[in-house]
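Worksheet: the structure to be examined is printed underneath.
In the numbering used here, the protein residues as written are 1239 to 1782.
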């Protein structure tokens, strides 16, 4: 929960890609409109004048080539020239030195003649010069020319001009190009004039529209329309940003869940963009991370299990050594004590010496029995775990053992009951299963009391056969039942020592049955205790 809150806080502090995209798109549109207005104001007039100038130069080039080739009067050139003049919106006047019109293309020939004469004789004033005269007082006072200026005219050496040169564009070439202002109407024109051939002059004139006013109007139009376009663009950008950033939001959510080791989220996009490719790559990374972490967890669990097993084995070895030492300590002490007694001559009569020697032999046998049992248990628990599975008759195995051990039952005054006569075939290791039965029988033999009855039964139960060894006597205390299968555990230590028990027999039973992977157990009754184990039943019920 804490990590989720932190993730939400981080996302709250982050700038949304969708919002950032919308803002950038809006600013881009506003910037584009402002730059368009700025470029219109700064460069549109220059571009327009340059375009008109190039149109005049193209016509002049055609005239010059025709003049050199003496084609000015040819019909083909006339057609081509008129087309160029019409396309470029250019007026033309060509006059020879005798003031004869050679070529003319204009709606107002008189204006063309006046302008050609004014240019040839240099009587058209230049605006910069006249403005300078106004500022400094000049050679003429304001009262001398003020009246004419108010009427839109300049006076130059007695010549009253309605035109003024605003700007000189070209002067070093064989021709001159000027921007001329008509003071009467406030219109501008681009004029190109100069010699043509050896005895002619030409004038090319093209009107310049008020590009500044047009640019200002265009800028205002851009401003009005731009606001609406910017708003519409912002809405469109917001909608598009949702589509574009949806995969990014999905990938962000997936990465947050991957950070918490939650690999269930998958990218679902099916497109072919870089984001879709990234999403599919994240799916593969997520799957590989999940598999790797799963493998690491499995390996970690296996390692922990191995460590636990080794710790248990080490603990079992220490416990085993401690128990063996404890079990052997008493018989060794007795053997040593009786041997020293014989050595010191305490047993001075034959009867005492015989008792001492008998005790030494019994304790030696007890130590040998303990060692053999411990070795057997150690082999079962730490050996290769192999079991020689055979099909054998459990009835015959029990009957043969009871026949061989009948003298023990007679010696202790016990009644042994085993009513199973028919063969009953099972699967198991006959040698080890006999060891299990022998331990159960020996346990019953040593603990039988009351009626002193041992009842042995073999009961088929489906695919299994349960072998039960019951003996009358006192039940096992409930608190001891979970521990009786432990090595060297003794319910009644005094009684166990009296009959020479080692406390290892039931541990051997446990080890053998674990190797067979079959159940075993003990049950208390009011009049005794029953130990049992189960084996796989063979399909053949007949005799071998």
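The beta-carbon is built from N, C-alpha and C at its ideal position, and this holds for glycine as well.
For residue 1521, collect the residues of the same chain with a Cβ closer than 6 Å to its Cβ; drop the 5 residues on either side in sequence, then sort them by chain order.
Residue numbering aside, residue 1521 sits at position 283 when the chain shown is read from its first letter. Same-chain partners within the cutoff: 1504 and 1505.
Please give me, in chain order, every unbroken run of the alpha helix (DSSP H) with length at least 4 that falls completely inside the region 1610 to 1688.
Within the region 1610 to 1688, the complete alpha helix (DSSP H) runs of at least 4 residues fall at 1632 to 1642, 1644 to 1649 and 1668 to 1685.
Considering Cα atoms alone, identify which of 1674, 1419 and 1468 is closest to residue 1639.
In the chain shown, the residue the question calls residue 1639 occupies position 401. Nearest C-alpha to residue 1639: 1674.
Residue 1750, buried or exposed, once every other Cβ within 10 Å from all chains shown has been counted against 16:
Taking the first residue of the chain shown as 1, we reach residue 1750 at position 512. So residue 1750 ends up on the buried side.
Would the beta-carbon of residue 1402 fall within 8 Å of that of residue 1365?
Here residue 1402 corresponds to residue number 164 of the chain shown, with the count starting at 1. Here residue 1365 corresponds to residue number 127 of the chain shown, with the count starting at 1. The answer is yes: Cβ separation under 8 Å.
May I ask which residues mark the beginning and end of the beta strand (DSSP E) holding residue 1419?
As a working mapping, residue 1419 is identified with position 181 in the chain shown. Residue 1419 -> beta strand (DSSP E) spans 1414 to 1420.
Using the C-alpha atoms, what's the distance from residue 1322 back to residue 1412?
Counted from its first residue, the chain shown places residue 1412 at position 174. Counted from its first residue, the chain shown places residue 1322 at position 84. Straight-line Cα distance between these residues: approximately 21 Å.
Could you tell me which residues DSSP pairs with residue 1512 in its beta bridges?
In the chain shown, counting from the first residue as 1, residue 1512 sits at position 274. Answer is none; residue 1512 lacks a bridge partner.
Is the beta carbon of residue 1417 less than 8 Å from the beta carbon of residue 1287?
Residue mapping note: residue 1417 aligns to position 179 of the chain shown, counting from 1. Residue mapping note: residue 1287 aligns to position 49 of the chain shown, counting from 1. In contact: residue 1417 and residue 1287 (Cβ atoms closer than 8 Å).
What's the call for residue 1556, buried or exposed, on a 16-neighbour Cβ count within 10 Å?
Residue 1556 sits at position 318 when you count from the first residue of the chain shown. The residue in question, residue 1556, is exposed, as its Cβ has fewer than 16 Cβ neighbours within 10 Å.
When 1713, 1696 and 1267 are compared against residue 1634, the one with the closest alpha-carbon:
Walking along the chain shown from the start, residue 1634 turns up at place 396. Minimum Cα distance to residue 1634 is reached at 1696.
Measuring only the C-alpha atoms, how far is residue 1486 from residue 1513?
The residue given as residue 1486 occupies position 248 in the chain shown. The residue given as residue 1513 occupies position 275 in the chain shown. Approximately 7 Å, taken between the alpha carbons.
Between residue 1688 and residue 1711, how many whole angstroms is the CB-CB distance? I'm expecting something under 8 Å.
Working through the chain shown from its first residue, we reach residue 1688 at position 450. Working through the chain shown from its first residue, we reach residue 1711 at position 473. The pair is a contact, with the Cβ atoms about 6 Å apart (cut-off 8 Å).
Contact set for residue 1345: own chain, Cβ-Cβ below 8 Å, skip 5 residues either direction:
For the purposes of this step, residue 1345 is taken as the residue at position 107 of the chain shown. Around residue 1345: 1329.
Where residue 1663 and residue 1532 are concerned, what is the direct C-alpha to C-alpha distance, given to the nearest angstrom?
Counting from 1 along the chain shown, the entry for residue 1663 is found at position 425. Counting from 1 along the chain shown, the entry for residue 1532 is found at position 294. Looking at the two C-alpha atoms, the distance is approximately 46 Å.
Closer than 8 Å, CB to CB, is residue 1444 near chain D or not?
The displayed structure is made up of one protein chain only, and chain D is not part of it.
Residue 1324 by DSSP, collapsed to three states: which one?
Working through the chain shown from its first residue, we reach residue 1324 at position 86. In the structure shown, residue 1324 sits in a helix (DSSP, three-state: H, G or I).
Near residue 1669, which residues of its chain fall below 8 Å by C-beta distance, leaving aside the five closest residues on each side in sequence?
Position 431 of the chain shown, counted from the first residue, corresponds to residue 1669. 1626, listed in sequence order.
Under three-state DSSP, which class holds residue 1742?
Translated into positions along the chain shown, residue 1742 becomes position 504. Residue 1742: coil per DSSP, three-state reduction.
Take residue 1586 and list the residues in its own chain whose beta-carbon comes closer than 8 Å to its own, dropping the five residues that flank it on each side.
The count along the chain shown starts at 1 and reaches residue 1586 at position 348. Around residue 1586: no qualifying Cβ.
Report yes if the CB atom of residue 1400 is closer than 8 Å to the CB atom of residue 1422, and no otherwise.
For the purposes of this step, residue 1400 is identified with residue 162 of the chain shown, where counting begins at 1. For the purposes of this step, residue 1422 is identified with residue 184 of the chain shown, where counting begins at 1. For residue 1400 and residue 1422, yes; Cβs fall inside 8 Å.
What separation, rounded to the nearest whole angstrom, lies between the Cα atoms of residue 1386 and residue 1442?
As a position in the chain shown, residue 1386 is number 148, starting the count at 1. As a position in the chain shown, residue 1442 is number 204, starting the count at 1. In this prediction, residue 1386 scores a pLDDT of 46, lower than 50, which makes its location untrustworthy; no coordinate-derived value is stated.
Tell me which residues share the same chain as residue 1381 and place their Cβ nearer than 6 Å to its Cβ, disregarding the 5 neighbours each side in the sequence.
The residue labelled residue 1381 in the question sits at position 143 within the chain shown. Only weak support is given to the placement of residue 1381: the predicted model assigns it a pLDDT of 36, under 50, and the value that follows is read from those uncertain coordinates. None.
Considering only residues of the same chain and omitting the five flanking positions on each side of residue 1651, which have a CB-CB separation below 8 Å?
Residue mapping note: residue 1651 aligns to position 413 of the chain shown, counting from 1. Closer than 8 Å at Cβ, skipping near neighbours: 1690.
Since residue 1628 and residue 1667 should fall inside the 8 Å C-beta cutoff, what is the C-beta to C-beta distance between them, to a whole number of angstroms?
Translated into positions along the chain shown, residue 1628 becomes position 390. Translated into positions along the chain shown, residue 1667 becomes position 429. Their Cβ separation, rounded to whole angstroms, is 7 Å, which keeps residue 1628 and residue 1667 in contact under 8 Å.
Have a look at 1437, 1408, 1447 and 1436 and flag the residue whose alpha-carbon is nearest the alpha-carbon of residue 1430.
For this step, residue 1430 is matched to residue 192 along the chain shown. Residue 1430 has its Cα closest to that of 1408, out of 1437, 1408, 1447 and 1436.
Do you know how far the Cα of residue 1577 is from the Cα of residue 1766?
To locate residue 1766, count along the chain shown from 1; it is residue 528. To locate residue 1577, count along the chain shown from 1; it is residue 339. Between residue 1766 and residue 1577, the C-alpha separation is close to 41 Å.
Mind checking which residues open and close the alpha helix (DSSP H) that includes residue 1406?
The residue given as residue 1406 occupies position 168 in the chain shown. Careful: residue 1406 lies outside any alpha helix (DSSP H), inside the beta strand (DSSP E) at 1401 to 1408.
Looking at C-alpha atoms only, which residue of 1764, 1460 and 1702 is the closest neighbour of residue 1714?
As a first step, residue 1714 must be located in the chain shown, where it is residue number 476. Of the listed residues, the one whose Cα sits closest to residue 1714 is 1764.
Going straight from the alpha carbon of residue 1480 to that of residue 1279, what length do you get?
Your numbering for residue 1480 matches position 242 in the chain shown. Your numbering for residue 1279 matches position 41 in the chain shown. Rounded to the nearest angstrom, the two C-alpha atoms are 37 Å apart.
Rounded C-alpha distance that separates residue 1316 from residue 1310
What you label residue 1316 is simply residue 78 of the chain shown in a count that begins at 1. What you label residue 1310 is simply residue 72 of the chain shown in a count that begins at 1. Whole-angstrom Cα-Cα distance: 7 Å.
Are residue 1212 and residue 1656 close, meaning C-beta to C-beta below 8 Å?
Here the chain comprises residues numbered 1239 to 1782, so residue 1212 is not present and cannot be evaluated.
What alpha helix (DSSP H) runs, 4 residues minimum, are completely inside the region 1281 to 1322?
none
In angstroms, rounded to a whole number, what distance separates the CA positions of residue 1719 and residue 1539?
For the purposes of this step, residue 1719 is taken as the residue at position 481 of the chain shown. For the purposes of this step, residue 1539 is taken as the residue at position 301 of the chain shown. Distance between the alpha carbons of residue 1719 and residue 1539 is about 32 Å.
DSSP on residue 1720, reduced to helix/strand/coil?
Counting from 1 along the chain shown, the entry for residue 1720 is found at position 482. Assigned with DSSP and collapsed to three states, residue 1720 falls in helix.
What whole-angstrom Cβ distance do residue 1439 and residue 1358 have, given they're in contact under 8 Å?
Your numbering for residue 1439 matches position 201 in the chain shown. Your numbering for residue 1358 matches position 120 in the chain shown. Residue 1439 to residue 1358, Cβ: 6 Å. Contact.
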